[in-house]
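Down below is the structure, laid out as structure tokens.
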Amino acid sequence: MKLRKKFKDLRILCVGDIILDTYSKGEITRISPEAPIPVLRLDEESNTIGGCGNVARNICSAGGMCHLISVIGSDEEAKILKNLLKDFKKLSFDLIVESSRCTTKKKRYVSGNQQILRVDKENVSQISGKTNQKILEKFNQLIKKCEVVVISDYNKGVLNRNLISNIIKISKQNNKIIIVDPKRKDFSIYSNADIITPNFKELLQATNFPEDSENSDKLVEKLSKTIARKYSFSNVITTRSSKGMTVMSKNKSVNLSSEAKEVFDVSGAGDTVVAYLSVELSRGKKIIHAAKIANSAASVAVGKFGTASVKRQEIKKKFEVEDKVSSLIKAKQLLKDFDDKIIGFTNGCFDLVHTGHIEFLKQARSQCDILILGLNSDSSVQKLKGKNRPIVPQNERATILENLNFVDLIIIFYELTPIKLIESLKPDIIFKGKDYKISDVVGSESIKKWNGKVKLVPLIKGNSTSNIVKRIKDGS
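Under the numbering used here, the first residue of the sequence shown carries the number 4, and numbering increases by one thereafter.
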């Protein structure tokens with residue numbers, strides 16, 4: 004398991020089409036006498052950053068630092084975008100001016116959180132060769148300073164086959180992770196990217212499947228494998244609206260359910276997914292775990308109106324690790340990000356895991372946010388229980404326990420007591436069975452130093468490994 008990097012070190016390079024999103028909000032109270040159309044009484048107008056700019060600001064909200072490269076015109080929209088970008092401390096940018104084109108703008112007319120009309124101002128013709136070269140020069144200057152490269156393609160003319168091919172080639176040469184958010188039917192233009200993030204409709208278009216095809220796990224998995232094989236993508240992450248997302252990695256698929264409670268607006272939700280993926284991967288997270296965080300962030304994004312950024316604190320924080328069996332050093336590092344959570348601790352041999360163990364752990368976990376289990380090693384079990392114990396070796400015991408969803412972290416310890424773990428981890432609660440007196444619980448005095456407490460959990464009568472062993476020997 005890779006340890007997380009500090010947020011200040013997370014640099015992401017984002018290249019793509021920047022868009023000015025404008026919202027004209029008001030109320031519709033009547034139909035026009037001039038034509039059978041509604042009349043919007045304008046109350047307010049606002050501007051925000053869209054396209055690859057929305058990816059960039061979500062990267063900053065996720066805790067990363069982003070450098071944005073895009074193309075703008077020489078117009079009022081360009082000035083507005085520059086001023087908006089300056090508001091983000093962790094965001095730097097190079098906006099290359101091509102005076103022959105206009106800055107892309109999407110103006111939405113809204114009444115009661117319902118879009119009634121969108122007007123687009125854009126020039127989707129390809130950028131000039133000179134502008135193309137300027138982008139590559141900037142990219143080459145910055146590539147060594149970043150962890151992840153994001154290609155945010157809105158198909159508005161900034162990205163072309165030659166430019167995308169060069170960006171991917173240079174990124175590969177510098178061992179950078181490449182994430183592509185596609186917007187065109189021909190995925191060959193993105194060949195060799197590490198990760199591509201189509202939505203379900205884009206996946207169907209890229210594989211020439213009918214757009215009314217059922218959004219099923221089986222179909223998404225099949226089509227993901229098809230494009231991965233055809234275009235040499237290492238990972239395919241398909242966003243599927245109310246059905247969450249499907250992650251296809253190394254020919255294996257994982258389906259993540261949507262966490263959204265209400266959906267107000269899907270605008271920019273894909274940008275949020277890409278942003279959080281890039282930040283989590285730059286922290287050393289594996290693809291599945293990065294996708295889980297991105298999925299949670301997207302569920303927040305769709306609950307907001309318009310192209311909105313999602314802050315880390317808005318995501319329901321879940322303690323999920325790639326490997327529950329950990330060393331003390333790694334455990335302490337992992338817990339640094341969860342200092343606002345209630346940390347529980349228990350310990351034991353857990354030889355021949357039985358219903359008594361299960362019920363005890365379940366009750367303990369219900370009273371804390373993260374439950375750490377100190378597991379006696381084989382040598383310490385033998386010293387405590389006798390030379391014929393344990394029956395199940397420590398690695399097998401750990402494997403059984405890590406598959407219980409109410410155990411968050413397991414640390415195997417070799418001492419006779421877990422006092423070293425307790426004093427190092429400083430849990431909020433130590434859990435033991437009610438067959439103990441609080442004063443006899445290891446760590447009961449130490450935990451007072453940081454205002455923690457000991458809780459005794461009721462046990463199922465007669466359930467113990469010793470009793471099970473005795474019954475087996477007696478043949479009963």
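Ideal placement from N, C-alpha and C gives every residue a C-beta, glycine not left out.
query = Closest by CA to glutamate 214, which one among Glu205, Ser261, Val151?
reply = Stepping through the sequence shown from its first residue, residue 214 is reached at position 211. Ranking Glu205, Ser261, Val151 by Cα distance to glutamate 214 puts Glu205 first.
task = Answer with yes or no whether the minimum CB distance from leucine 280 to chain B is below 9 angstroms.
result = The structure shown has no chain B; it contains just one protein chain.
inquiry  = Please list the terminal residues of the continuous beta strand (DSSP E) segment that includes threonine 249.
reply    = In the sequence shown, the residue the question calls residue 249 occupies position 246. DSSP places threonine 249 in the uninterrupted beta strand (DSSP E) bounded by 248-252.
request  = For the alpha helix (DSSP H) holding serine 363, just list the boundary residues, first then last.
outcome  = Sequence index remark: in the sequence shown, residue 363 carries index 360 (1-based). Sequence inspection shows phenylalanine at residue 363; the serine mentioned does not correspond to that position. From DSSP, the alpha helix (DSSP H) with phenylalanine 363 extends over 358-368.
inquiry  = Using the Cβ count rule (16 or more neighbours within 10 Å means buried), how would you classify alanine 297?
reply    = For the purposes of this step, residue 297 is taken as the residue at position 294 of the sequence shown. By the 16-neighbour rule on beta-carbons within 10 angstroms, alanine 297 is buried.
ask   = Excluding five sequence neighbours on each side, which residues of the same chain lie with their C-beta closer than 7 angstroms to the C-beta of valine 3?
value = The chain is shown from 4 up to 479; residue 3 falls before or after that span and cannot be answered.
request  = State the Cα-Cα distance for the pair isoleucine 192 and asparagine 158, rounded to the nearest angstrom.
outcome  = Here residue 192 corresponds to residue number 189 of the sequence shown, with the count starting at 1. Here residue 158 corresponds to residue number 155 of the sequence shown, with the count starting at 1. Looking at the two C-alpha atoms, the distance is approximately 12 angstroms.
request  = Give the range of the alpha helix (DSSP H) segment to which glutamate 399 is assigned.
outcome  = Taking the first residue of the sequence shown as 1, we reach residue 399 at position 396. DSSP places glutamate 399 in the uninterrupted alpha helix (DSSP H) bounded by 397-405.
inquiry  = Considering only their Cβ atoms, is the gap separating glutamate 362 from leucine 428 smaller than 9 angstroms?
reply    = Along the sequence shown, one-based indexing puts residue 428 at 425. Along the sequence shown, one-based indexing puts residue 362 at 359. Taking a C-beta distance under 9 angstroms as the contact criterion, leucine 428 and glutamate 362 do not qualify as a contact pair.
ask   = With distances taken between CB atoms, is the gap from proline 430 to glycine 347 smaller than 9 angstroms?
value = For the purposes of this step, residue 430 is taken as the residue at position 427 of the sequence shown. For the purposes of this step, residue 347 is taken as the residue at position 344 of the sequence shown. By the CB criterion at 9 angstroms, proline 430 and glycine 347 fall inside the cutoff.
query = Beta-carbon separation of isoleucine 75 and threonine 106 under 9 angstroms?
reply = On the sequence shown, residue 75 is found 72 positions in, with the first residue counted as 1. On the sequence shown, residue 106 is found 103 positions in, with the first residue counted as 1. Contact flag set, yes.
request  = Measure from the alpha carbon of glutamate 150 to the alpha carbon of each residue in Cys69, Ile441, Asp220, then state which is nearest.
outcome  = Locating residue 150 in the sequence shown gives position 147, where the first residue counts as 1. Of all alpha-carbon atoms in Cys69, Ile441, Asp220, the one lying nearest the alpha-carbon of glutamate 150 is that of Cys69.
task = Compute the beta-carbon to beta-carbon distance between glutamine 366 and isoleucine 432, rounded to the nearest angstrom, for a pair I have assumed lies under 8 angstroms.
result = For the purposes of this step, residue 366 is taken as the residue at position 363 of the sequence shown. For the purposes of this step, residue 432 is taken as the residue at position 429 of the sequence shown. Actually they are not in contact, since the Cβ atoms of glutamine 366 and isoleucine 432 sit about 12 angstroms apart, beyond 8 angstroms.
query = Hey, how far is the Cα of valine 328 from the Cα of valine 313?
reply = Sequence index remark: in the sequence shown, residue 328 carries index 325 (1-based). Sequence index remark: in the sequence shown, residue 313 carries index 310 (1-based). In a straight line, the C-alpha of valine 328 is about 31 angstroms away from that of valine 313.
key: Environment of glutamate 47 [buried if 16+ CB atoms lie within 10 Å]   = Stepping through the sequence shown from its first residue, residue 47 is reached at position 44. Glutamate 47 comes out exposed.
Close Cβ partners of valine 303 (< 7 angstroms) along its chain, the five nearest in sequence each way excluded = Here the question's residue 303 lines up with position 300 in the sequence shown. Answer for valine 303: Val313, Glu317, Ile318, listed in chain order.
Residue environment, aspartate 438, which counts as buried when at least 16 other CB atoms sit within 10 Å = For the purposes of this step, residue 438 is taken as the residue at position 435 of the sequence shown. That one is exposed.
key: Spatial distance of histidine 357 from serine 244 (CA atoms)   = Reading the sequence shown from its first residue, position 354 is the one you call residue 357. Reading the sequence shown from its first residue, position 241 is the one you call residue 244. As the crow flies, the alpha-carbon of histidine 357 is around 41 angstroms from that of serine 244.
key: Residue span of the alpha helix (DSSP H) that contains lysine 335, given as start and end   = Along the sequence shown, one-based indexing puts residue 335 at 332. Boundaries of the alpha helix (DSSP H) harbouring lysine 335: 331-338, taken from the DSSP string.
ask   = If you run the structure through DSSP and keep just helix, strand and coil, what is phenylalanine 267?
value = If you number the sequence shown from 1, residue 267 lands on position 264. Below a pLDDT of 50, predicted positions are generally treated as unreliable, and phenylalanine 267, at 49, falls in that range; no measurement from the model is reported.
ask   = Should isoleucine 21 be labelled buried (16 or more other beta-carbon atoms within 10 Å of its own) or exposed?
value = Here residue 21 refers to the residue found at position 18 of the sequence shown. Per the 10 Å Cβ criterion, buried.
message = Which residues does DSSP list as the beta-bridge partners of leucine 259?
response = By one-based count along the sequence shown, residue 259 stands at place 256. DSSP, once it has assigned bridges, lists Met248 as partnering leucine 259.
inquiry  = Between alanine 278 and asparagine 143, how many whole angstroms is the CB-CB distance? I'm expecting something under 8 angstroms.
reply    = As a working mapping, residue 278 is identified with position 275 in the sequence shown. As a working mapping, residue 143 is identified with position 140 in the sequence shown. Not really, about 24 angstroms apart at Cβ, beyond 8 angstroms.
key: Beta-ladder partner(s) of lysine 327, from DSSP   = Translated into positions along the sequence shown, residue 327 becomes position 324. Here lysine 327 is not bridged, per DSSP, to any residue.
request  = Could you tell me the distance, in whole angstroms, from the CA atom of leucine 166 to the CA atom of leucine 376?
outcome  = By 1-based counting over the sequence shown, the position of residue 166 is 163. By 1-based counting over the sequence shown, the position of residue 376 is 373. Near 51 angstroms, if we compare the C-alpha coordinates of leucine 376 and leucine 166.
request  = Within 10 angstroms of the Cβ of leucine 45, are there 16 or more other Cβ atoms? Answer buried if so, exposed if not.
outcome  = Here residue 45 refers to the residue found at position 42 when the sequence shown is read from its first residue. It is exposed - the Cβ of leucine 45 has fewer than 16 other Cβ atoms within 10 Å.
Check whether leucine 280 and isoleucine 138 have beta carbons under 9 angstroms apart = Position 277 of the sequence shown, counted from the first residue, corresponds to residue 280. Position 135 of the sequence shown, counted from the first residue, corresponds to residue 138. The Cβ atoms of leucine 280 and isoleucine 138 lie no closer than 9 angstroms to each other.
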